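Protein chains: 2
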Amino acid sequence: MKKKQNVTLKELANALNLSVSTVSRALNDHPDISETTRNKVKQLAEKHNYVPNLFASGFRSHRTHILGVVVPNISHYFTTTVLKGILEEGENLGYRVIISESKNDEKKQSEMLQTMMQFGVDGVLLALSRKTKSVDDILKVINRIPLVMFDKVSSKIPCTQVVINEEEAAYNAVEHLINTGKRRIAIIKETEGSFNSEKRYQGYLRALSEHGLPIDEKIILSTEDISLTKGRMMANILLSLKKRPDAIFAITDSAAIGVIKALNKFKVKVPEEIAVVGFSNSASSTIINPSLTTVDQPGNKIGRTAVKYLIDEIENPKEDATTKTIEIKTNLIVRDSSFKV
Amino acid sequence: MKKKQNVTLKELANALNLSVSTVSRALNDHPDISETTRNKVKQLAEKHNYVPNLFASGFRSHRTHILGVVVPNISHYFTTTVLKGILEEGENLGYRVIISESKNDEKKQSEMLQTMMQFGVDGVLLALSRKTKSVDDILKVINRIPLVMFDKVSSKIPCTQVVINEEEAAYNAVEHLINTGKRRIAIIKETEGSFNSEKRYQGYLRALSEHGLPIDEKIILSTEDISLTKGRMMANILLSLKKRPDAIFAITDSAAIGVIKALNKFKVKVPEEIAVVGFSNSASSTIINPSLTTVDQPGNKIGRTAVKYLIDEIENPKEDATTKTIEIKTNLIVRDSSFKV
DNA sequence: CTGAAAGCGCTTACAG
DNA sequence: CTGAAAGCGCTTACAG
Numbered sequence: 449m450k451k452k453q454n455v456t457l458k459e460l461a462n463a464l465n466l467s468v469s470t471v472s473r474a475l476n477d478h479p480d481i482s483e484t485t486r487n488k489v490k491q492l493a494e495k496h497n498y499v500p501n502l503f504a505s506g507f508r509s510h511r512t513h514i515l516g517v518v519v520p521n522i523s524h525y526f527t528t529t530v531l532k533g534i535l536e537e538g539e540n541l542g543y544r545v546i547i548s549e550s551k552n553d554e555k556k557q558s559e560m561l562q563t564m565m566q567f568g569v570d571g572v573l574l575a576l577s578r579k580t581k582s583v584d585d586i587l588k589v590i591n592r593i594p595l596v597m598f599d600k601v602s603s604k605i606p607c608t609q610v611v612i613n614e615e616e617a618a619y620n621a622v623e624h625l626i627n628t629g630k631r632r633i634a635i636i637k638e639t640e641g642s643f644n645s646e647k648r649y650q651g652y653l654r655a656l657s658e659h660g661l662p663i664d665e666k667i668i669l670s671t672e673d674i675s676l677t678k679g680r681m682m683a684n685i686l687l688s689l690k691k692r693p694d695a696i697f698a699i700t701d702s703a704a705i706g707v708i709k710a711l712n713k714f715k716v717k718v719p720e721e722i723a724v725v726g727f728s729n730s731a732s733s734t735i736i737n738p739s740l741t742t743v744d745q746p747g748n749k750i751g752r753t754a755v756k757y758l759i760d761e762i763e764n765p766k767e768d769a770t771t772k773t774i775e776i777k778t779n780l781i782v783r784d785s786s787f788k789v
Numbered sequence: 449m450k451k452k453q454n455v456t457l458k459e460l461a462n463a464l465n466l467s468v469s470t471v472s473r474a475l476n477d478h479p480d481i482s483e484t485t486r487n488k489v490k491q492l493a494e495k496h497n498y499v500p501n502l503f504a505s506g507f508r509s510h511r512t513h514i515l516g517v518v519v520p521n522i523s524h525y526f527t528t529t530v531l532k533g534i535l536e537e538g539e540n541l542g543y544r545v546i547i548s549e550s551k552n553d554e555k556k557q558s559e560m561l562q563t564m565m566q567f568g569v570d571g572v573l574l575a576l577s578r579k580t581k582s583v584d585d586i587l588k589v590i591n592r593i594p595l596v597m598f599d600k601v602s603s604k605i606p607c608t609q610v611v612i613n614e615e616e617a618a619y620n621a622v623e624h625l626i627n628t629g630k631r632r633i634a635i636i637k638e639t640e641g642s643f644n645s646e647k648r649y650q651g652y653l654r655a656l657s658e659h660g661l662p663i664d665e666k667i668i669l670s671t672e673d674i675s676l677t678k679g680r681m682m683a684n685i686l687l688s689l690k691k692r693p694d695a696i697f698a699i700t701d702s703a704a705i706g707v708i709k710a711l712n713k714f715k716v717k718v719p720e721e722i723a724v725v726g727f728s729n730s731a732s733s734t735i736i737n738p739s740l741t742t743v744d745q746p747g748n749k750i751g752r753t754a755v756k757y758l759i760d761e762i763e764n765p766k767e768d769a770t771t772k773t774i775e776i777k778t779n780l781i782v783r784d785s786s787f788k789v
């Protein structure tokens with residue numbers, strides 16, 4: 449099939465007996481150009497459906513107006529809400545967005561960052577892959593272009609980081625359980641302390657200690673890859689204890705849902721015998737029965753905020769590295785799994 | 449912060465006392481270049497961490513190696529699995545991918561297509577926004593660059609289309625219900641016959657008629673925006689009928705889950721009194737209780753297939769328009785909502 | 001086997 | 001107010 453070629457400045461210039469420079473300026477509303485000329489040019493451009501070759505101009509000006517995003521997994525609901533925010537705000541501010549997945553693989557993550565750079569993106573948004581050992585490749589990026597991290601971050605990387613108030617959110621969740629009368633609260637967290645898991649765990653510990661409750665290692669469970677299945681397994685372990693917990697705080701919704709499934713199976717009453725709280729407010733949290741009390745993570749806002757900071761750094765380059773951390777507030781959403789009216 | 453500049457061909461050439469042409473050829477393994485030279489060049493390039501400016505070469509060669517994707521909504525689980533497939537396969541074949549959302553808005557969709565073209569993508573992957581009235585803007589795209597549609601397609605657009613066997617999948621789902629002894633099967637579909645809804649409806653009709661079952665308008669329900677809430681509402685309507693159905697086929701999982709929630713609420717036994725079947729095999733289908741019988745849509749495969757066809761069209765341009773439709777097979781996943789062991 | 005030169009489509013400092 | 005020209009970093013037909 450024959451593809452129509454795009455009209456170029458040169459063609460417009462020839463047709464109008466003007467120079468390429470003048471046509472370019474006319475289209476860009478340069479003040480030097482007379483209104484007559486400008487109108488003539490714009491009319492013809494309109495007529496021929498002229499679209500500027502962003503590639504040429506981007507190449508010329510060393511700016512591509514593309515942002516690169518690297519996330520561990522594109523199909524987590526929370527991640528999609530962040531991406532939506534990035535897409536929307538990026539677009540508002542005149543940027544296209546390239547999205548890629550690291551599949552939670554450090555090597556893959558480095559590759560993606562490399563390709564993005566090669567491609568000439570103006571800046572990068574990054575949520576770290578799990579178990580990222582070496583941050584060298586990320587530091588290399590920072591040396592060349594602005595980088596903003598979100599959600600899965602690391603203090604080893606000197607850049608702007610947009611996160612939620614992980615510690616406080618966990619604190620509030622656990623405090624809510626305490627307020628409903630629970631005294632023996634278990635936690636299910638990750639083995640290798642990721643940033644998020646670690647902060648949530650700290651919030652848990654602080655809530656217990658500030659309310660004078662003992663910390664019992666037996667009901668502090670860790671798992672490598674936290675998931676629904678693992679949640680179910682951990683619940684089985686907790687049910688087999690001589691002194692069962694009266695509440696379980698899982699640091700992800702999927703684990704919490706696994707917990708509820710296990711409790712349902714053994715006819716343990718939720719929340720009367722054991723209450724459950726998750727983290728993320730995923731779509732499934734209202735599908736499970738009883739519906740899940742959980743922390744709402746405002747993904748859209750996180751995405752928008754991260755983009756704004758990134759574009760600001762792109763458009764107003766600073767001499768020295770920015771290393772501020774922006775915390776986005778979360779809300780606890782109380783549902784039947786912790787408190788029935 | 450100071451950003452390091454990328455090394456250019458010219459700089460390498462100067463350092464080695466060679467011409468830019470030779471350096472370029474050496475790096476691209478051009479057969480003309482002597483091995484000695486090639487090695488020298490490659491070593492220096494390596495040392496200085498040379499990365500080619502894809503922008504410049506893409507610009508030069510009129511090829512950007514970027515694909516554009518436009519989908520109605522990035523956060524549907526099914527969509528993310530398709531995107532994963534696109535990302536993976538695209539990457540394998542050496543392409544980057546730009547993703548954008550039309551938000552089910554026709555105007556927005558046109559805008560996104562326009563920007564993608566302006567940006568110089570080599571090809572476009574499109575899932576149509578709901579209620580796309582005019583396909584003019586899409587035809588304009590086809591005139592310039594290859595376009596492949598998937599999932600939400602339209603016969604009005606002459607291009608390669610990758611879909612699932614919608615009609616057959618629905619037929620199989622309904623036949624399964626008939627095989628389990630159900631005789632009065634309701635359907636919940638969309639009011640405005642989208643491609644998908646229409647095909648699934650046809651499969652429903654064919655299953656009933658081929659098994660000699662009557663078609664009853666009273667249990668054929670339509671809704672504008674099919675959703676969990678709407679599924680719940682439709683279930684209420686069906687429960688209020690004098691002659692209740694003994695099975696409900698909802699053309700989306702979310703509606704099916706709404707149906708189950710309503711049935712649970714009214715203590716209707718699922719599947720004994722009323723069986724339920726959905727469509728998509730979304731994550732929530734195993735969270736709801738009883739777990740949902742549903743059609744598994746292989747999103748990853750759809751994405752991969754669509755990319756392959758698109759890249760083939762990019763790299764081997766044909767004289768005349770391709771208009772084939774590729775159907776990807778689906779499987780019915782039988783769970784407790786239709787058949788308990 | 002290597003180099004000089006043109007050109008991809010655009011922007012912009014310089015000149016008039 | 002308008003134009004000629006250089007240049008962004010690369011590739012490639014042409015010459016030697």
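The listed protein sequences derive, respectively, from chains A and B.
Counting from 449, one number per residue, gives the positions in the first sequence under the numbering used here.
Counting from 449, one number per residue, gives the positions in the second sequence under the numbering used here.
A virtual CB, placed ideally from N, CA and C, is assigned to each residue, including glycine.
Owing to the predicted nature of the structure, the values given are computational and were not obtained by experimental measurement.
**Study point:** Which of helix, strand or coil DSSP assigns to residue 741 (chain A)
**Key:** One-based indexing of the first sequence puts residue 741 (chain A) at position 293. Strand.
Review point. What are the partner residues of residue 597 (chain B), as DSSP defines its beta bridges?
Key: Taking the second sequence and counting its residues from 1, the one referred to as residue 597 (chain B) is at position 149. Residue pairing for residue 597 (chain B): DSSP places it in a beta bridge opposite B:574, B:609.
Exercise for review: At 7 Å on the CB atoms, spell out the chain A contacts of residue 746 (chain B), in chain order.
Suggested key: The sequence position of residue 746 (chain B) within the second sequence is 298, counting from 1. Result: empty, since nearest Cβ-Cβ is about 14 Å, beyond 7 Å.
**Study point:** chain B contact for residue 532 (chain A) (CB, 9 Å cutoff)
**Key:** Reading the first sequence from its first residue, position 84 is the one you call residue 532 (chain A). Output row for residue 532 (chain A): interface = yes.
Practice item. Buried or exposed for residue 682 (chain A), please, with buried defined as at least 16 other CB atoms from any protein chain shown within 10 angstroms of its CB. Key: Mapped onto the first sequence, residue 682 (chain A) falls at position 234. By the 10 Å Cβ count, residue 682 (chain A) comes out buried.
Review point. With 16 as the cutoff for other CB atoms within 10 Å, does residue 725 (chain A) come out buried or exposed?
Key: To locate residue 725 (chain A), count along the first sequence from 1; it is residue 277. Residue 725 (chain A) should be labelled buried.
Check your understanding: Is it the case that the CB of residue 586 (chain A) approaches a heavy atom of the ligand COA more closely than 8 Å?
Key -> The ligand content of the structure shown is nil, which means the ligand COA is not present either.
Practice item. Label residue 609 (chain B) either buried or exposed according to how many other C-beta atoms from any shown protein chain fall within 10 Å of its C-beta, with 16 as the threshold for buried. Key: For the purposes of this step, residue 609 (chain B) is taken as residue 161 along the second sequence, with counting starting at 1. Under this definition residue 609 (chain B) is a buried residue.
Check your understanding: If you compare alpha carbons, which of A:651, A:460, A:544 is closest to residue 615 (chain A)?
Key -> Position 167 of the first sequence, counting from 1, holds the residue named residue 615 (chain A). Out of A:651, A:460, A:544, A:651 has the C-alpha closest to the C-alpha of residue 615 (chain A).
Point to revise | Short-range partners of chain A found in the region 603-616 of chain B, where Cβ spacing is below 9 Å | key: none
Review point. Can you give the Cα-Cα distance for residue 697 (chain A) and residue 706 (chain A), rounded to whole angstroms?
Key: As a first step, residue 697 (chain A) must be located in the first sequence, where it is residue number 249. As a first step, residue 706 (chain A) must be located in the first sequence, where it is residue number 258. Going by the C-alpha atoms only, they are around 12 Å apart.
Review point. Can you give the Cα-Cα distance for residue 449 (chain B) and residue 544 (chain A), rounded to whole angstroms?
Key: By one-based count along the second sequence, residue 449 (chain B) stands at place 1. By one-based count along the first sequence, residue 544 (chain A) stands at place 96. Model confidence at residue 449 (chain B) stands at a pLDDT of 35, short of 50, so the residue's coordinates are unreliable and nothing is read from them.
**Study point:** Inter-residue Cα distance where the pair is residue 451 (chain A) and residue 560 (chain B)
**Key:** On the first sequence, residue 451 (chain A) is found 3 positions in, with the first residue counted as 1. On the second sequence, residue 560 (chain B) is found 112 positions in, with the first residue counted as 1. In this prediction, residue 451 (chain A) scores a pLDDT of 47, lower than 50, which makes its location untrustworthy; no coordinate-derived value is stated.
Practice item. Look at the Cβ atom of residue 694 (chain A), then the Cβ atom of residue 630 (chain A), and state whether they are nearer than 9 Å. Key: For the purposes of this step, residue 694 (chain A) is taken as residue 246 along the first sequence, with counting starting at 1. For the purposes of this step, residue 630 (chain A) is taken as residue 182 along the first sequence, with counting starting at 1. Cβ distance < 9 Å, so residue 694 (chain A) and residue 630 (chain A) count as in contact.
Review point. For residue 544 (chain A), which beta-bridge partners are listed by DSSP?
Key: Counting from one through the first sequence, the residue named residue 544 (chain A) turns up at place 96. Under DSSP, residue 544 (chain A) takes part in a beta bridge, and its partners are A:514.
Practice item. Taking only the alpha-carbon atoms, compute the straight-line gap between residue 709 (chain B) and residue 680 (chain B) and give it to the nearest angstrom. Key: As a working mapping, residue 709 (chain B) is identified with position 261 in the second sequence. As a working mapping, residue 680 (chain B) is identified with position 232 in the second sequence. Going from the Cα of residue 709 (chain B) to the Cα of residue 680 (chain B) covers about 7 Å.
Practice item. Give the DSSP-derived three-state secondary structure of residue 449 (chain A) in the structure shown. Key: Residue 449 (chain A) sits at position 1 when you count from the first residue of the first sequence. Only weak support exists for where residue 449 (chain A) lies, its pLDDT of 35 falling under 50; the value from the coordinates is given anyway. Coil, per DSSP.
Review point. Where DSSP assigns a beta bridge to residue 639 (chain A), which residues make up the other side?
Key: Working through the first sequence from its first residue, we reach residue 639 (chain A) at position 191. Checking the DSSP bridge columns, you'll see residue 639 (chain A) has no partner listed.
**Study point:** Distance between beta carbons of residue 549 (chain A) and residue 522 (chain A), contact taken as under 8 Å
**Key:** Taking the first sequence and counting its residues from 1, one reaches residue 522 (chain A) at position 74. Taking the first sequence and counting its residues from 1, one reaches residue 549 (chain A) at position 101. With 8 Å as the limit, residue 522 (chain A) and residue 549 (chain A) qualify as a contact, their Cβ atoms being about 5 Å apart.
Point to revise | Residues near residue 751 (chain B) in its chain [Cβ-Cβ closer than 6 Å; skip 5 each side] | key: As a working mapping, residue 751 (chain B) is identified with position 303 in the second sequence. For residue 751 (chain B), where only same-chain residues beyond five positions count, the Cβ hits under 6 Å are 530, 533, 534.
**Study point:** Supposed contact pair residue 786 (chain A) and residue 624 (chain A) - C-beta distance, whole angstroms, cut 8 Å
**Key:** For this step, residue 624 (chain A) is matched to residue 176 along the first sequence. For this step, residue 786 (chain A) is matched to residue 338 along the first sequence. Their Cβ separation, rounded to whole angstroms, is 7 Å, which keeps residue 624 (chain A) and residue 786 (chain A) in contact under 8 Å.
Exercise for review: Work out the CA separation of residue 456 (chain B) and residue 465 (chain B) for me, nearest whole Å.
Suggested key: For this step, residue 465 (chain B) is matched to residue 17 along the second sequence. For this step, residue 456 (chain B) is matched to residue 8 along the second sequence. Distance between the alpha carbons of residue 465 (chain B) and residue 456 (chain B): 14 Å.
Exercise for review: Have a look at residue 717 (chain B) and residue 738 (chain B) and give me their C-alpha separation to the nearest angstrom.
Suggested key: Position 269 of the second sequence holds residue 717 (chain B). Position 290 of the second sequence holds residue 738 (chain B). Whole-angstrom Cα-Cα distance: 10 Å.
Practice item. Work out the CA separation of residue 766 (chain B) and residue 657 (chain B) for me, nearest whole Å. Key: Residue 657 (chain B) sits at position 209 when you count from the first residue of the second sequence. Residue 766 (chain B) sits at position 318 when you count from the first residue of the second sequence. Using only the alpha carbons, I get a separation of about 42 Å.
Exercise for review: Answer with yes or no whether the minimum CB distance from residue 540 (chain A) to chain B is below 9 Å.
Suggested key: On the first sequence, residue 540 (chain A) is found 92 positions in, with the first residue counted as 1. Taking Cβ atoms only, chain B never reaches closer than 9 Å to residue 540 (chain A), which makes this a no.
Review point. Where does residue 484 (chain B) land, buried or exposed, given buried means 16+ other C-beta within 10 angstroms?
Key: Taking the first residue of the second sequence as position 1, residue 484 (chain B) is located at position 36. Burial call: exposed.
Review point. To which residues of the same chain is residue 775 (chain A) closer than 7 Å at the C-beta, ignoring the five residues directly before and after it?
Key: Translated into the one-based positions of the first sequence, residue 775 (chain A) becomes position 327. Once the five neighbours on either side are set aside, the close Cβ partners of residue 775 (chain A) are 611, 612, 613.
Point to revise | Cutoff 9 Å: residue 760 (chain A) Cβ touching any chain B Cβ | key: Counting from one through the first sequence, the residue named residue 760 (chain A) turns up at place 312. Not closer than 9 Å to any Cβ of chain B, the Cβ of residue 760 (chain A) fails to qualify, so no.
Check your understanding: Taking just the CA atoms, how far does residue 494 (chain A) sit from residue 468 (chain A)?
Key -> Translated into positions along the first sequence, residue 468 (chain A) becomes position 20. Translated into positions along the first sequence, residue 494 (chain A) becomes position 46. Straight-line Cα distance between these residues: approximately 16 Å.
Exercise for review: Using 10 angstroms around the beta-carbon of residue 645 (chain A), count the other beta-carbons present and answer buried if the total reaches 16, otherwise exposed.
Suggested key: Counting from 1 along the first sequence, the entry for residue 645 (chain A) is found at position 197. Buried, since its Cβ has 16 or more Cβ neighbours within 10 Å.
**Study point:** residue 763 (chain B), buried or exposed, once every other Cβ within 10 Å from all chains shown has been counted against 16
**Key:** Start at 1 with the first residue of the second sequence, and residue 763 (chain B) comes out as number 315. Per the 10 Å Cβ criterion, exposed.
Practice item. Evaluate residue 689 (chain B) with the Cβ neighbour count: other Cβ atoms within 10 Å of its Cβ, from every protein chain shown; 16 or more gives buried, anything less gives exposed. Key: Translated into the one-based positions of the second sequence, residue 689 (chain B) becomes position 241. Residue 689 (chain B) is exposed by the Cβ-count criterion.
**Study point:** Closer than 9 Å at the beta carbon, the chain B residues around residue 512 (chain A)
**Key:** Translated into positions along the first sequence, residue 512 (chain A) becomes position 64. In chain order: 503.
Practice item. Would you verify that the beta carbon of residue 451 (chain B) is, or is not, closer than 9 Å to some beta carbon of chain A? Key: Locating residue 451 (chain B) in the second sequence gives position 3, counting from the first residue. Any reading at residue 451 (chain B) is ruled out, since the residue's pLDDT is 47, under 50, leaving its predicted position unreliable.
Point to revise | For residue 724 (chain B), three-class secondary structure by DSSP | key: In the second sequence, the residue the question calls residue 724 (chain B) occupies position 276. In this structure, residue 724 (chain B) counts as strand in the three-state DSSP scheme.
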